């Protein structure tokens, strides 16, 4: 396996280590902790009163709009990174190109702003 | 890069085992230090009380007492969450795993690293958003209105502040001309500022705007106090953690403070010169010529810089009242993102001009 892939394999080991250490501690905990479930204890917590309706209430669309905006700008960031590392080579040409790119995106942000999407009502 | 002393003559499995053990130390030691030093002691002093004093000298063994206590607590899965019990139980582990994935890229010395990715900082920004998944899963599977609201708030907040963070880092990448964290460290310590190389070039000086934006975003990503609407205890009980009890709650807690430590390490690598001794580089020219003692001193220096940065995070946490949800989103979208875009263009113009 190439050193390149090996270093990514290290990432896998670290992910597994997290699950392993947490699993180990939870295992120890399972040996010493009590387990006496009662109906009251298993009730959904709503500040001490009996829960009303089901837990999955309807949520607002505004989270959705922000998520969409996030995707646009995140993809933008992905494009800026390789340019940022090579800026010295491309000099003024690269600068103008990225100026246009960032300008268009800023325009998008201003558009969303004017449309009132960024308002949290 | 010269091959490390240990790495040269050890089998792959032994190297990996050493790395994982090192990773455990690199996650749990900062978490423990941060919780004891800042959450127990500094917070108490700021509120004119002593904090824990009973367990060990000045309460220094309090952490072990706490873990012992949480180990004995009952692990409750509410009846409404029973159908998704497996997912409910897995969520804290995902949050903790994202911390471990993040620490992989942090360089602790010229040879003391876990992985040496060419796209290091890009990888760090990518995996830092894995914790959003754990939080959303926790919020949804709890079958609780508070948890659901907390989870959605957390998701909305984390994605809004992910952007300024990414855009702030681009300024550093432009200056260093690389995404590799080791090379960013070397570029800062061996660099010069407008031809003057007396103090190297820690990017906190030339990228101060990016540094401030980065630290604000870290504060928001960690859901520390001015940005703690997801777990706002006066409105949402404990947000996405409401239904968790016993050790699974503690895993969320450890994950939060371990991530604070790791983010502070990444911030010190990006802006404070990482493992380099401040204001001194001893005339090294490239990675191979760096003396071996840096591998011992490096982690300690990085740890010190981390403590300093976490101090500021915690200071803000204990001093400021909570934002409202609309103020939070407005701050991210209408102030931080435009400012960081301007910062990118100004940095790029200056880079090309000089």
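Residue numbers (the numbering used here), protein chains in the order written: chain A, 80 to 200; chain B, 46 to 399. Cβ coordinates follow ideal geometry from the N, Cα and C atoms, glycine included. Since we're looking at a predicted model, the values are computed, not measured.
Contact holds between the segment 150-166 of chain B and the segment 215-233 of chain B, because three or more Cβ pairs, one in each stretch, are under 8 Å apart. At a cut-off of 8 Å, the C-beta of residue 112 of chain A has a neighbouring C-beta in chain B. With its beta carbon less than 8 Å from one in chain A, residue 219 of chain B belongs to the interface. One alpha carbon belongs to residue 116 of chain B, the other to residue 156 of chain A, and they sit about 43 Å apart.
Going by C-alpha positions, residue 170 of chain B is about 7 Å away from residue 211 of chain B. Its chain contains 281 as the residues whose beta carbon lies nearer than 7 Å to that of residue 194 of chain B, once the 5 sequence neighbours on both sides are disregarded; these appear in chain order.
Leaving aside the five residues that flank residue 254 of chain B on each side, the residues in its chain whose CB is nearer than 6 Å to its CB run, in chain order, 388. Distance from the CA atom of residue 266 of chain B to the CA atom of residue 125 of chain B, rounded to whole angstroms, is 29 Å. Rounded to whole angstroms, the gap between the alpha carbons of residue 176 of chain B and residue 394 of chain B is 35 Å.
In the same chain as residue 300 of chain B, and ignoring 5 residues on each side of it, the C-beta atoms closer than 6 Å to its own belong to 140, 141 and 144, in chain order.
Listed in chain order, the non-local C-beta contacts of residue 160 of chain B below 7 Å within the same chain comprise 149 and 150, local neighbours out to five positions each way being set aside. Contacts between residue 119 of chain B and chain A, judged by CB atoms closer than 9 Å, involve 112, 113, 114, 115, 116 and 120 in chain order. One finds nothing in chain B with a Cβ atom closer than 8 Å to the Cβ of residue 154 of chain A; even the nearest lies about 11 Å away. Excluding five sequence positions before and after residue 294 of chain B, the CB atoms of its chain that fall closer than 7 Å to its own CB belong to 286, given in chain order. Note on residue 351 of chain B: 16 or more other CB atoms within 10 angstroms of its CB, so buried under the neighbour-count rule. For residue 279 of chain B, the closest alpha carbon among the candidates B/74, B/81, B/191 and B/97 is that of B/191. If you look at residue 153 of chain A, you'll find it in the alpha helix (DSSP H) that goes 141-164.
By the Cβ neighbour-count rule, residue 127 of chain B is exposed, with fewer than 16 other Cβ atoms within 10 Å of its own. Non-local C-beta neighbours of residue 363 of chain B in its own chain, meaning closer than 6 Å and more than five positions away in sequence, comprise 88 and 91, ordered along the chain. Cα atoms of residue 64 of chain B and residue 91 of chain A: separation of roughly 12 Å, rounded to the nearest angstrom. Here the segment 93-100 of chain B does not lie against the segment 109-125 of chain A, with fewer than 3 beta-carbon pairs under 8 Å apart. Contact between residue 326 of chain B and residue 347 of chain B is ruled out by a C-beta separation of about 16 Å, above the 8 Å threshold. Look at residue 374 of chain B here: in three-state DSSP terms it is helix. About 34 Å separates the beta carbons of residue 342 of chain B and residue 268 of chain B, which is beyond the 8 Å limit, so they are not a contact pair. Three or more beta-carbon pairs drawn from the segment 177-188 of chain A and the segment 147-165 of chain A are found closer than 8 Å, and the two stretches are therefore classed as touching. Not a single CB atom of chain B sits nearer than 8 Å to the CB of residue 127 of chain A. For the C-beta of residue 251 of chain B, not a single chain A residue is nearer than 7 Å; the gap to the nearest is close to 15 Å. Separation of residue 109 of chain A and residue 70 of chain B (C-alpha to C-alpha, rounded to the nearest whole angstrom) is 24 Å.
Contact check for residue 93 of chain A against residue 146 of chain B passes: the beta carbons are separated by less than 8 Å.
A distance below 7 Å between beta-carbons, with the five flanking residues on each side excluded, links residue 154 of chain B to the following residues of its chain, in chain order: 320, 339, 340, 343 and 344.
Under the Cβ distance rule, residue 374 of chain B counts among the residues neighbouring chain A, one pair being separated by less than 8 Å. Within chain A, no residue has its beta carbon less than 9 Å from that of residue 246 of chain B; the closest one is some 15 Å off.
Annotation: residue 108 of chain B to residue 180 of chain A spans about 51 Å, alpha carbon to alpha carbon. Residues 260, 309, 312, 313 and 317 of the same chain have their beta carbon placed closer than 8 Å to that of residue 354 of chain B, with the five preceding and five following residues left out of the count. Against chain A, the beta carbon of residue 223 of chain B has neighbours under 8 Å at 164, listed in chain order. When the Cα atoms are used, residue 84 of chain B and residue 77 of chain B turn out to be separated by approximately 10 Å.
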